[in-house]
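Chemist: Numbering (my numbering), first residue to last: 280 to 550.
Backbone N, C-alpha and C fix where the C-beta goes; we use that ideal spot for every residue, glycine too.
The following block contains the structure, expressed as structure tokens.
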């Protein structure tokens with residue numbers, strides 16, 4: 280049975296689209312058949328991160344409105360045999376995302392894929408509510424900042440009340456993914472610690488993605504970070520997160536504080 284996973288947050292710019300692409304690629308590399316779906320109507324970005332922007336002909340709203348059939352809109356990844364993209368529209372009105380229309384598309388995707396990963400726009404507007412409406416599981420992406428964590432708490436409330444599963448008295452399995460974590464800044468009190476975030480949100484931790492230029496470089500070249508630098512710390516963290524989604528027990532790697540040249544020099548002198 281396919282799982283519908285929404286990648287969401289209350290605040291923009293936390294790394295939802297990067298996370299969608301990275302988890303999608305990591306799950307596809309495991310052999311699962313995966314589709315990533317962009318729900319950010321008007322601000323389409325998932326196709327850019329996936330390197331497929333020039334291959335978009337039809338989009339999610341075309342399928343919802345019956346202008347195109349689902350296979351016409353799906354874009355097969357050129358690097359991974361098991362990965363597809365359903366892009367968002369750049370121009371059409373978000374109100375075109377009707378619950379009935381989206382429900383039919385999600386049901387069709389469930390019949391074709393092992394994972395349907397919905398990349399949600401930030402906040403509580405229509406695209407976000409439709410992205411989470413049919414979810415079985417949710418990854419709530421948050422930065423270690425007070426405003427981001429507070430907004431994530433609101434999203435958790437929506438997942439517990441506004442989804443189809445919630446209305447049937449069932450749970451949406453929720454996971455926290457912390458992005459852009461810098462242990463040195465956390466130690467100096469410049470950002471929240473992991474414990475702070477988990478205490479506030481009271482939701483299981485899926486992974487910790489360290490602050491790294493790898494993520495920016497991957498986005499700029501249109502490649503999921505799990506493929507662009509598979510040995511880098513962000514890629515390893517995303518791959519471990521994907522394994523946890525599949526039920527594996529993987530020890531959580533907390534990014535270590537990186538010591539600079541002066542730190543090493545002072546330690547040698549002290550010795």
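If you follow the alpha helix (DSSP H) that residue 445 is part of, which residue opens it and which one closes it?
Modeler: Residue 445 -> alpha helix (DSSP H) spans 443-446.
Chemist: Using a Cβ-Cβ cut-off of 6 Å (strictly less than) and excluding sequence neighbours within five positions of residue 337, which residues of its own chain qualify?
Modeler: Result list for residue 337: 347, 351 and 352, in chain order.
Chemist: Considering only the beta carbon of each residue, do residue 438 and residue 455 sit closer than 8 Å?
Modeler: Against a cut-off of 8 Å, the Cβ pair of residue 455 and residue 438 comes out as no contact.
Chemist: Bridge partners for residue 486 per DSSP, in chain order?
Modeler: Paired residues: 456.
Chemist: Could you name the residues that DSSP lists as bridge partners for residue 421?
Modeler: The partner list for residue 421 (beta bridge, DSSP) reads 457.
Chemist: Is the distance from the Cβ of residue 385 to the Cβ of residue 366 below 8 Å?
Modeler: No.
Chemist: Would you say the beta carbon of residue 325 comes nearer than 7 Å to a heavy atom of the ligand GTP?
Modeler: Judged by which ligands are present, the structure shown has none, so any question about the ligand GTP falls away.
Chemist: For the alpha helix (DSSP H) that residue 474 lies in, which residues bound it at each end?
Modeler: Residue 474 -> alpha helix (DSSP H) spans 473-480.
Chemist: So the alpha helix (DSSP H) residue 504 belongs to, where does it begin and stop?
Modeler: Where residue 504 is concerned, the enclosing alpha helix (DSSP H) stretches over 504-507.
Chemist: For residue 261, which beta-bridge partners are listed by DSSP?
Modeler: Absent from the structure is residue 261, since the part of the chain shown begins at 280 and ends at 550.
Chemist: If contacts are defined as beta-carbon pairs under 8 Å, then residue 531 and residue 484 qualify, I think. What distance do you get, rounded to the angstrom?
Modeler: 7 Å between Cβ atoms; contact.
Chemist: What's the C-alpha gap between residue 471 and residue 425?
Modeler: Cα to Cα, the separation comes out at about 7 Å.
Chemist: First and last residue of the beta strand (DSSP E) that includes residue 494?
Modeler: Premise fails: residue 494 lies in the alpha helix (DSSP H), 492-499, not in any beta strand (DSSP E).
Chemist: For the putative contact between residue 500 and residue 513, defined by C-beta atoms under 8 Å, what is the C-beta separation to the nearest angstrom?
Modeler: That belief does not hold up - the Cβ atoms of residue 500 and residue 513 are roughly 14 Å apart, past 8 Å.
Chemist: Are the stretch 288-301 and the stretch 426-436 touching by the rule of at least three beta carbon pairs closer than 8 Å?
Modeler: A contact exists between the stretch 288-301 and the stretch 426-436.
Chemist: Assuming residue 343 is part of the alpha helix (DSSP H), what are its boundary residues?
Modeler: Taken as a continuous stretch (DSSP letters only), the alpha helix (DSSP H) holding residue 343 covers 339-343.
Chemist: By how many angstroms is the C-alpha of residue 411 removed from the C-alpha of residue 301?
Modeler: Roughly 19 Å between the two C-alpha positions.
Chemist: How do the stretch 367-377 and the stretch 400-407 stand: do at least 3 beta-carbon pairs fall below 8 Å, yes or no?
Modeler: A contact exists between the stretch 367-377 and the stretch 400-407.
Chemist: Helix, strand or coil for residue 349? Go by DSSP, reduced to three states.
Modeler: Here residue 349 sits in helix by DSSP.
Chemist: Just checking: is the beta-carbon of residue 532 within a distance shorter than 8 Å of some beta-carbon in chain B?
Modeler: In the structure shown, chain B cannot be found, because there is only a single protein chain.
Chemist: For a test of the three-state rule: what should DSSP assign to residue 524, helix, strand or coil?
Modeler: Of the three classes helix, strand and coil, the one that applies to residue 524 here is helix, per DSSP.
Chemist: May I have the straight-line CA-CA distance separating residue 413 from residue 443, to the nearest angstrom?
Modeler: The alpha-carbon atoms of residue 413 and residue 443 are separated by roughly 6 Å.
Chemist: Can you tell me the Cα-Cα spacing of residue 491 and residue 461, whole angstroms?
Modeler: When rounded, the distance between both Cα atoms is 9 Å.
Chemist: By the three-class DSSP mapping on this structure, what secondary structure does residue 550 have?
Modeler: Unreliable placement is indicated for residue 550, whose pLDDT of 38 sits below 50; the coordinate value is still reported in the next sentence. DSSP places residue 550 in coil when its eight states are reduced to three.
Chemist: Taking 7 Å as the limit between beta carbons, can you name the residues of its chain near residue 345, skipping five residues before and five after?
Modeler: Contacts found: none.
Chemist: Determine the direct distance from the alpha carbon of residue 307 to that of residue 382, and round the result to whole angstroms.
Modeler: Using only the alpha carbons, I get a separation of about 24 Å.
Chemist: When the Cα atoms are used, what is the spatial distance from residue 401 to residue 524?
Modeler: Answer to the nearest angstrom: the Cα atoms are 22 Å apart.
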